[in-house]
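Accompanying notes for the structure given below.
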Amino acid sequence: MTIDYAKVGLKAGLEIHQQLNTSAKLFCNCPPKLFTEEPTITFLRRLRPTQSELGQIDPAAFFEFQKGVKILYEANNETSCLVEMDEEPPHQLNPEALEIALLVGLLMNAKPIDEVYVMRKTVIDGSNTTGFQRTCVVAMDGEIMVKDKKIPIQHIGLEEDAARKTGEEGNVIRYRIDRLGIPLIEIATAPVIYSPKEAEEVALAIGRILRATGKVKRGLGSIRQDLNVSIPNGALIEIKGVQELELVSVVIEREVERQLNLIKIKEELQKRTIKKEELKEEFSNVTPVFQQTECKVIKTALSKGKQVFAVKLPKFTGLLKKELTTGIRLGSEMADRARFWGKVGGIFHTDELPAYGITKEETEKLKKTMNATDQDAVVFVADSKGNAFDALKAVAERAREALEGVPEETRAANPDGTTRYMRPRPGAARMYPETDVPPIQVKPEYLAQLRSQLPELPEQKMQRLMMDYALNEKLARQVLDSEYSQLFEVIVQNCGVSATTVAVALTETLKALKREGFAVENVSDEQFIELFRAVGSGELAKEAIPDVLGWLAKNETATVAQAVENLGLGTLKPEELERIIDDAIRDNAALVKERGTAAFGALMGIIMKQARGKAKAESVSELLKKKLKQFA
Amino acid sequence: MNKETLSGYKGDALQALKKAGAEIGDILRVTKDDRTYEGILIPRSENGNHKHIVLKMRNGYNVGVQITPTTKIERIGVGAKPTFQPPPLPKQKENLPKVAILSTGGTIASRVDYRTGGVRPALTANDLYSVVPELADIAVIDAEIVFSLFSENITPKHWTEISKNVAKHIEKGKSGIVIAHGTDTLGYTAAALSFALQNLPVPVVLVGSQRSADRPSSDAATNLLGAVQAAATAPFAEVVVCMHESISDEAIVFHRGTKARKCHTSRRDAFKSINALPVARLRDGKLSMLVEDYNKRESNRKLVLKPDFDEKVALVKFYPGMNPKTIDWHVENGYKGIVLEGTGLGHVGNHLFPAVRKAIEQNVIVAMASQCIWGRLGMTVYDTGRDLLAMGVVPLDDMLAETALVKLMWVLGQTKNTDEAKRLLKTNIAHEFSPCSMYEEEKQYDD
């Protein structure tokens, strides 16, 4: 649906997290690297919810703890030490990271904090071994201009990245702690963004400033955008972890759509005159209905001694299958909740039946057992009684929330731009001081020194790219917006390849390869430089660049020479090229005889089939013309 | 808010805050060079400089604002003073064993003041139940704060006080005693109690934690639960140290009080049994014994309390080039015992011999333990050892140097007679000597 965002009253804010390319992590000297091999160290932990400053325990955290959730951490000695294992106090705040954050702050006209305090933000899902994330505000009250509009930057912060989840088996969640402690800069805008497109522009502008420091990591997962989205009569929804810039606008579009449809459901429910008290947490054992079922999920569950439990949602018929936004229905929102609170695989509901091997007869029988009329919906799960009750309780709760419209919650972004329930919104100020790290004073002399060496701003860089490298505006902008803008200059200055060739390769070629599914972020700076050196020295034709990059993306640690060998590339020696041309002329003697030099076009095509990537088209054309003249 | 009205502030910052009539917890607006900060005034670290004030902003972050002559401070409100609201208490089950938890300090059973980040003791039984409600399923807790000290500030006088307190609770018929203690000197206190509390009818479990209780990842609750379970039901009646076995929250081990040593500055499994196996292990709620030779629980046994220690005993570590006057100083200052922490099999440089001889002649007991930590002395192997023995140095075999110090303090608290003292020192009282040095000390997860 097309939405007039101004009319809807959309308000959005961005919180951008970008990994910094420092030589060490934020609170220890480990390199900020990930590993893909099997872990050499594992350890098991339980996180215990502690009381917040208000004496309250986060209900979601306490619930997880009661369920006996354990966390299996994976590590190796190359990427982490006792600090990440929460077995050694943090070292001092990494001064390199602090400097980058201060630089970004100054570039955004923000005011640096006189004395920076590291805080502990409670995070109890296991992603931090400590149970909290170390975070600090470095500068406040900045602003950037985006298309002549002032976007206030509320704060610029520095925090440690979290461990990354690698799996979940039963009540054991696996996390890898290599990513834990990698410095992240956090930029938070005020909620002054009024359209999805504008959000994307703001994100892009912030990204440009971050890249201007030349000290940010690139590749999937190195930047994560969190969004807060609200519309009147909806709710303020926090959406975590949008990994691609292109998704920012899509996520906001879908979120607005979801909220508008939830408001419609609320209105429909009001028409149907349902009261909260009617949505009771009364669960029935309906296992007998499915004794003979052909539904595989239920059959498997029953064979493991599990049972089927159901809850009736009076007057909800038809609403569970109502699409909120592409692929997301009210039913899927309930399923998310059921999975989170009940650790169940999923739910079934009557709006989608008969299906999944559940017959019409079974559906009728179920409704009868539950005393459900045609206006009611029935939701059921096949699991242990404990899990099933927790899941159905969450379903009933979600149904009651539907009466009020949009529930406040924290959601996680999916790769397609939709979102899913992540957890209830945490209470305010889950923060207390990190007493192991002393506060850091930011002295005026130091700031003056930083101010004198600020990196050039994106607009300046844009001008310089066009002037110094004779790039056209389109290419210059692409380089500016690319994660490779810094590498671009290094290559042009060192490899003897034309700026345009490098710019096209680093922007359009990479984009095309990515679209074809190549993991181009795997190609390292060193590999890029090696590749362009080979092109510059004439060992490799520039036409071979896409093939080599594609091969390197699949062979992370390989050299360019290996790529050339494996792809059968490399520049032809003059005598080899001559032989190919001679062969072509001989094989097409009739044509040459008949048309003379006009056979050039046809022959060129034939020869380039063999020589593409191995010889420059200009040299082929030159030599072919010469030969044809000899024949003529 | 008690004496904390402007805790930690000094100099310019204090003057400016006083002028504004501000107190800790007030909401302030600080204006400086057209920048404005709003937040709750937070106490300042005692070691902080005099120029900054610390505010907790609405977003939860703390920031330090430097006070300049033009800085304006306004008090715009009184912040909500956070209070500790424990969750509802679990129901006490009267038929469960009764366990005393004595707190001496340390982070094991403390709670954080989220406003300041400071850690405060929380050791009424109610506090404990509220922080670790599972305790109510194991025992009926009688909690008492004996004192609240960092363990580096604990002295032999405190060992005496703890011993008497333990005796009092055993007298009252407790099924076991748990002592919460800072980990730095936990090993010393454990050794001291091992000698002071003889003929124990029930277990005495010292417990510490390596990560403060405010963190969700703290080992405090797991260790405390293990300690209380052992105190309530373990088959042994000895003084033990209860800590994590590894860096995982899986197994808790119980080290003998005379054999436990803190061997790591920060890891959860900092404590190791030296030259001995741990007594028992608790895993998945099940306690299994790892040694056969132990003192069994027998509630009718009569405790023998010997709580006196003589503090005129020193532990002196030998190092290359050590000045012999170090030993003379102790003798001249009335020390009655010196434990030498010698090298290797039990050696000190021969330039120390005259000083050692003089000490022994003046009736100072000089004993030897090894700085190798692991292994047993062998003072008859080299001339140096033989010479020291000939002078009258008492070899303490495989005893830990720290335990040797504590034992000599205790011995001299029992008798002033040098010969009797030497005899007691060499008598195995609480498994401080192992009969054999075993190859395999650490049994790994063998249930």
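So the protein lines, in turn, are chains A and B. Quick note, the first sequence lines up with residues 18 to 649 if you use my numbering. Quick note, the second sequence lines up with residues 805 to 1251 if you use my numbering. Each residue gets a CB set at the ideal place from its N, CA and C atoms; glycine is no exception. Nothing here was measured: the structure is a model prediction, and the numbers come from that model.
Measuring alpha carbon to alpha carbon, tell me which residue in the options is nearest residue i.
{"i": "E298(A)", "options": "A536(A), C98(A), R415(A)", "result": "R415(A)"}
{"i": "I240(A)", "options": "E538(A), K571(A), K382(A)", "result": "E538(A)"}
{"i": "V677(A)", "options": "I282(A), A252(A), G403(A), E160(A)", "result": "Any question about residue 677(A) goes unanswered here, given that chain A covers just 18 to 649."}
{"i": "Q1166(B)", "options": "W1178(B), N1221(B), D1202(B)", "result": "N1221(B)"}
{"i": "R945(B)", "options": "W1133(B), K961(B), K895(B), N853(B)", "result": "The amino acid at residue 945(B) is misidentified as Arg; the sequence shows Ile. Residue K895(B) is the option with its Cα nearest to I945(B)."}
{"i": "S301(A)", "options": "E217(A), A487(A), V396(A), E639(A)", "result": "V396(A)"}
{"i": "D1155(B)", "options": "M1126(B), D941(B), L953(B)", "result": "The sequence given here has His at residue 1155(B), not Asp. When only C-alpha atoms are compared, the closest one is M1126(B)."}
{"i": "N188(A)", "options": "G26(A), A207(A), R356(A), A575(A)", "result": "R356(A)"}
{"i": "A1028(B)", "options": "H985(B), Y1243(B), V869(B)", "result": "The question names Ala, but residue 1028(B) is Leu in the sequence shown. Nearest C-alpha to L1028(B): H985(B)."}
{"i": "D142(A)", "options": "L123(A), K87(A), E95(A), V135(A)", "result": "K87(A)"}
{"i": "V1083(B)", "options": "Y1098(B), A971(B), T1069(B)", "result": "Y1098(B)"}
{"i": "L244(A)", "options": "P213(A), E560(A), T380(A)", "result": "P213(A)"}
{"i": "L341(A)", "options": "Q309(A), E274(A), A352(A)", "result": "E274(A)"}
{"i": "S1103(B)", "options": "E1145(B), M1093(B), P1039(B)", "result": "P1039(B)"}
{"i": "K138(A)", "options": "P208(A), P66(A), N278(A), A118(A)", "result": "P66(A)"}
{"i": "F82(A)", "options": "N93(A), N94(A), E91(A), R63(A)", "result": "R63(A)"}
{"i": "N38(A)", "options": "E476(A), S499(A), Q392(A), R228(A)", "result": "R228(A)"}
{"i": "Y992(B)", "options": "V1198(B), I966(B), K976(B), L1004(B)", "result": "I966(B)"}
{"i": "A1055(B)", "options": "I280(A), R596(A), G322(A), L61(A)", "result": "L61(A)"}
{"i": "V412(A)", "options": "A222(A), K360(A), T427(A), N388(A)", "result": "K360(A)"}
{"i": "I670(A)", "options": "T290(A), N431(A), K323(A), L286(A)", "result": "Given that chain A is displayed from residue 18 to residue 649, the structure contains no residue 670(A) and the question cannot be resolved."}
{"i": "A516(A)", "options": "P208(A), Q458(A), V265(A), V496(A)", "result": "V496(A)"}
If contacts are defined as beta-carbon pairs under 8 Å, then residue i and residue j qualify, I think. What distance do you get, rounded to the angstrom?
{"i": "L900(B)", "j": "E948(B)", "result": "Not confirmed; about 18 Å, so no contact."}
{"i": "I256(A)", "j": "T436(A)", "result": "5 Å"}
{"i": "T147(A)", "j": "S1021(B)", "result": "5 Å"}
{"i": "V1160(B)", "j": "M1195(B)", "result": "6 Å"}
{"i": "V1135(B)", "j": "L1209(B)", "result": "At roughly 17 Å, the Cβ-Cβ gap does not stay under 8 Å, so V1135(B) and L1209(B) are not in contact."}
{"i": "G868(B)", "j": "I130(A)", "result": "7 Å"}
{"i": "L1010(B)", "j": "C1046(B)", "result": "7 Å"}
{"i": "E1061(B)", "j": "V1044(B)", "result": "The identity of residue 1061(B) in the sequence shown is Gly, whereas the question assumes Glu. Sure, about 6 Å apart at Cβ, within 8 Å."}
Just verifying my parser: in three-state terms, what is the DSSP assignment at residue i?
{"i": "C1046(B)", "result": "strand"}
{"i": "P107(A)", "result": "coil"}
{"i": "K188(A)", "result": "According to the sequence as given, residue 188(A) is Asn; it is not Lys. Coil, per DSSP."}
{"i": "E176(A)", "result": "strand"}
{"i": "H962(B)", "result": "helix"}
{"i": "G258(A)", "result": "strand"}
{"i": "C153(A)", "result": "strand"}
{"i": "G245(A)", "result": "Looking at the sequence shown, residue 245(A) is not Gly but Asn. Note: N245(A) maps to strand in three-state DSSP."}
{"i": "H985(B)", "result": "coil"}
{"i": "E324(A)", "result": "The question names Glu, but residue 324(A) in the sequence shown is Gln. In this structure, Q324(A) counts as strand in the three-state DSSP scheme."}
{"i": "G1301(B)", "result": "Given that chain B is displayed from residue 805 to residue 1251, the structure contains no residue 1301(B) and the question cannot be resolved."}
{"i": "T290(A)", "result": "coil"}
{"i": "S1092(B)", "result": "strand"}
{"i": "E70(A)", "result": "With a pLDDT of 48 at E70(A), under the threshold of 50, the modelled position of this residue cannot be trusted; read the value that follows with caution. Note: E70(A) maps to coil in three-state DSSP."}
{"i": "N302(A)", "result": "strand"}
{"i": "R468(A)", "result": "helix"}
{"i": "E54(A)", "result": "coil"}
{"i": "A446(A)", "result": "Its pLDDT being 49, under 50, A446(A) is placed unreliably by the model, and the measurement read from it follows with that caveat. The answer is coil: DSSP assigns A446(A) none of H, G, I, E or B."}
{"i": "K650(A)", "result": "Residue coverage of chain A in this structure runs from 18 to 649, which leaves residue 650(A) outside it and unanswerable."}
{"i": "A1118(B)", "result": "strand"}
{"i": "V1006(B)", "result": "coil"}
Shorter than 8 Å from the beta carbon of residue i to some beta carbon of chain C?
{"i": "V86(A)", "result": "The structure shown contains no chain C; its protein chains are A and B."}
### Message
Which residues of the segment 376-408 of chain A have a Cβ closer than 7 Å to any Cβ of chain B? Give them in chain order.
### Response
Answer in chain order: no residues at all.
### Message
Under 8 Å, CB to CB, which of the residues in the segment 91-116 of chain A have a partner in chain B?
### Response
Result list: L99, M102, D103, E104, E105, P106.
#### Entry: Within the segment 1159-1246 of chain B, ranges of the alpha helix (DSSP H) (whole runs, at least 4 residues)
Segments of the alpha helix (DSSP H) lying fully in the segment 1159-1246 of chain B: 1187-1195, 1205-1218, 1222-1230.
### chain B contacts made by the segment 22-51 of chain A, where a contact means CB separation under 7 Å
Residues of the segment 22-51 of chain A with a Cβ closer than 7 Å to any Cβ of chain B: none.
### Query
At a Cβ cut of 9 Å, what residues of the segment 147-159 of chain A count as close to chain B, listed as they run along the chain?
Going along the segment 147-159 of chain A in chain order, one finds T147, G148, F149, T152, C153, V154, M157, D158 with a Cβ nearer than 9 Å to chain B.
### Interfacial residues, the segment 1069-1083 of chain B to chain A, with Cβ spacing under 7 Å
Residues passing the 7 Å Cβ filter: S1070, R1071, R1072.
### Query
Any residues in the segment 1087-1098 of chain B with a beta carbon nearer than 8 Å to a beta carbon of chain A? Which ones, in chain order?
Within the segment 1087-1098 of chain B, no residue places its CB atom closer than 8 Å to a CB of chain A.
### Query
What residues in the segment 1034-1068 of chain B bring their beta carbon closer than 8 Å to a beta carbon of chain A?
Considering only beta carbons, the part of the segment 1034-1068 of chain B lying closer than 8 Å to chain A consists of S1050, I1051, S1052, D1053, E1054, in chain order.
### Secondary structure, alpha helix (DSSP H): runs of 4+ residues fully inside the segment 396-434 of chain A
DSSP runs (the alpha helix (DSSP H)) wholly in the segment 396-434 of chain A: 402-419.
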